[in-house]
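Asks: Note that our numbering has the sequence shown beginning at 129, numbered continuously upward.
Note that the Cβ used here is the ideal one computed from N, Cα and C, for glycine as well.
Fair warning: this is a prediction, and the values are worked out from it, not measured in the lab.
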Amino acid sequence: MAPLAPGLRRLRLQQHVLDYRLLRSKRRTIGFQVSDEGLRVTAPRWVTVVEIEAAITEKQQWIFNKLNEQRERSVRRLQPPMQWRDGATLPYLGMELTLRLDESGNTGIRFDADSRELFVSLPASAGEQQLKDRVLGWLQGQAKQLFAERLAIYAEKLGVQYQRFALSSATTQWGSCTADGRIRLNWRLMHFALPNIDYVIAHELSHLREMNHGPEFWATVQSVLPEFEGPEKR
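(1) Please report the straight-line C-alpha distance between S249 and A347, rounded to a whole angstrom.
(2) Nearest by alpha-carbon distance to L141: which of T185, Q268, V328, M339 is it?
(3) Near T217, what residues of its chain come up, given a Cβ to Cβ distance below 7 angstroms and the 5 sequence neighbours on each side ignored?
(4) Nearest-angstrom Cα distance between L322 and L221?
(5) Please go through the region 228-262 and give each complete alpha helix (DSSP H) segment of 4 or more residues, from N-terminal end onward.
(6) Is the beta carbon of R228 sitting closer than 7 angstroms to the one on E256?
(7) Around the Cβ of L313, are there at least 16 other Cβ atoms within 10 angstroms (buried) or fewer (exposed)?
(8) Going by other Cβ atoms of all chains shown within 10 Å of its Cβ, with 16 needed for buried, is Q188 buried or exposed?
(9) Return the CA-CA distance between R168 and K194, expressed in angstroms with no decimal places.
(10) In the DSSP assignment, find the unbroken alpha helix (DSSP H) run with V175 in it and report its ends.
(11) When we look at the beta-carbon of R155 and count the other beta-carbons within 10 Å, is it buried (16 or more) or exposed?
(12) Run the CB neighbour count on I311, radius 10 Å, all protein chains shown included, and call it buried at 16 or more, exposed below.
(13) If you draw a straight line from the alpha carbon of R238 to that of W212, how long is it in whole angstroms?
(14) Which of helix, strand or coil does DSSP assign to I158?
(15) Which word fits W190, buried or exposed, when buried means at least 16 other C-beta atoms lie within 10 angstroms of its C-beta?
(16) Taking the continuous beta strand (DSSP E) assigned at P219, which residues delimit it?
(17) Look up V145 in the DSSP assignment and give the residues it is bridged to.
(18) I'd like the list of long-range same chain contacts for Q270, defined as Cβ closer than 7 angstroms, with 5 residues on each side in sequence excluded.
(19) Is DSSP giving F293 helix, strand or coil here?
(20) Kindly identify the DSSP beta-bridge partner or partners of T226.
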């Protein structure tokens, strides 16, 4: 386990370990704030550490959810703005894909896996928005096909069945799962390597066995992704 950074405290929550920063103040209640720096707990001076950590334990599901959301937002902020032109690159399955405007007179869109180039046929008068629309449409089509394949694999491994899945364009989460088996997956996952996509898919399917983020849930995810490091190791 990594050594504790200065100013942080560490709390073991069954199978998980949570690091947090404790600040004392004149407020009357215990407050929780999640940022890029992690969890910060603000508490009155008269409240004991035992009472503070009991409150953290009670709120652990909310805390882990917020920490995951914060990590996702941080990743998005690091992504450079896309330029929609010939020769531009965009991330695709964890690697770089190069856009090529096809002036051969062919129609449609063609991906060369060897050169990792995406040839897009457009009229000479087409602008950036038309190129963007064509490429995003292709990416979403690829996402539907790949996600369906990976969902089938991990549903079988977990012994669960989902009712249906749809693509999402959400800005705050990569996926979601309802109690009745409806799954939504963000098409932007196609920018990342396959292990990252598999993690999100296994994560959402695991909710069909555990509709929470408790220890049993993380154990379910790890049962099909042994290399996955849960919140206690992040």
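Replies: Looking at the coordinates:
(1) On the sequence shown, residue 249 is found 121 positions in, with the first residue counted as 1. On the sequence shown, residue 347 is found 219 positions in, with the first residue counted as 1. The C-alpha of S249 lies about 47 angstroms from the C-alpha of A347.
(2) The residue labelled residue 141 in the question sits at position 13 within the sequence shown. Of T185, Q268, V328, M339, the residue nearest in Cα terms is T185.
(3) Locating residue 217 in the sequence shown gives position 89, counting from the first residue. Closer than 7 angstroms at the Cβ level, and outside the excluded window around T217, lie E224, L225, T226.
(4) Taking the sequence shown and counting its residues from 1, one reaches residue 322 at position 194. Taking the sequence shown and counting its residues from 1, one reaches residue 221 at position 93. Taking the straight line joining both Cα atoms gives about 6 angstroms.
(5) None, since the region 228-262 contains no complete alpha helix (DSSP H) of that length.
(6) As a first step, residue 228 is located in the sequence shown; it is residue number 100 there, counting from the start. As a first step, residue 256 is located in the sequence shown; it is residue number 128 there, counting from the start. No, the Cβ-Cβ distance between R228 and E256 is not below 7 angstroms.
(7) One-based indexing of the sequence shown puts residue 313 at position 185. If you draw a 10 Å sphere on the C-beta of L313, you find 16 or more other C-beta atoms in it, and that means buried.
(8) Numbered from 1 along the sequence shown, position 60 holds the residue referred to as residue 188. Looking at its Cβ environment, which holds 16 or more other Cβ atoms inside 10 Å, Q188 is buried.
(9) Along the sequence shown, read from residue 1 onward, the residue named residue 168 stands at position 40. Along the sequence shown, read from residue 1 onward, the residue named residue 194 stands at position 66. Taking the straight line joining both Cα atoms gives about 12 angstroms.
(10) For the purposes of this step, residue 175 is identified with residue 47 of the sequence shown, where counting begins at 1. Segment: none, V175 is in no alpha helix (DSSP H) and carries neither H nor E.
(11) Here residue 155 refers to the residue found at position 27 of the sequence shown. Burial call: exposed.
(12) Here the question's residue 311 lines up with position 183 in the sequence shown. Here I311 is buried: its Cβ has 16 or more other Cβ atoms, across all protein chains shown, within 10 Å.
(13) On the sequence shown, position 110 is the one that residue 238 refers to. On the sequence shown, position 84 is the one that residue 212 refers to. Those two C-alpha atoms are separated by around 17 angstroms.
(14) Walking along the sequence shown from the start, residue 158 turns up at place 30. Coil, per DSSP.
(15) Here residue 190 refers to the residue found at position 62 when the sequence shown is read from its first residue. Burial check for W190: the Cβ neighbour count within 10 Å stays below 16, so the residue is exposed.
(16) The count along the sequence shown starts at 1 and reaches residue 219 at position 91. P219 -> beta strand (DSSP E) spans 217-220.
(17) Locating residue 145 in the sequence shown gives position 17, where the first residue counts as 1. Looking at the DSSP assignment, V145 forms a beta bridge with R140.
(18) Indexing the sequence shown from 1 puts residue 270 at position 142. The answer, listed in chain order, is M318.
(19) For the purposes of this step, residue 293 is identified with residue 165 of the sequence shown, where counting begins at 1. Correct three-state label for F293: strand.
(20) Here the question's residue 226 lines up with position 98 in the sequence shown. T217, E245, per the DSSP bridge assignment.
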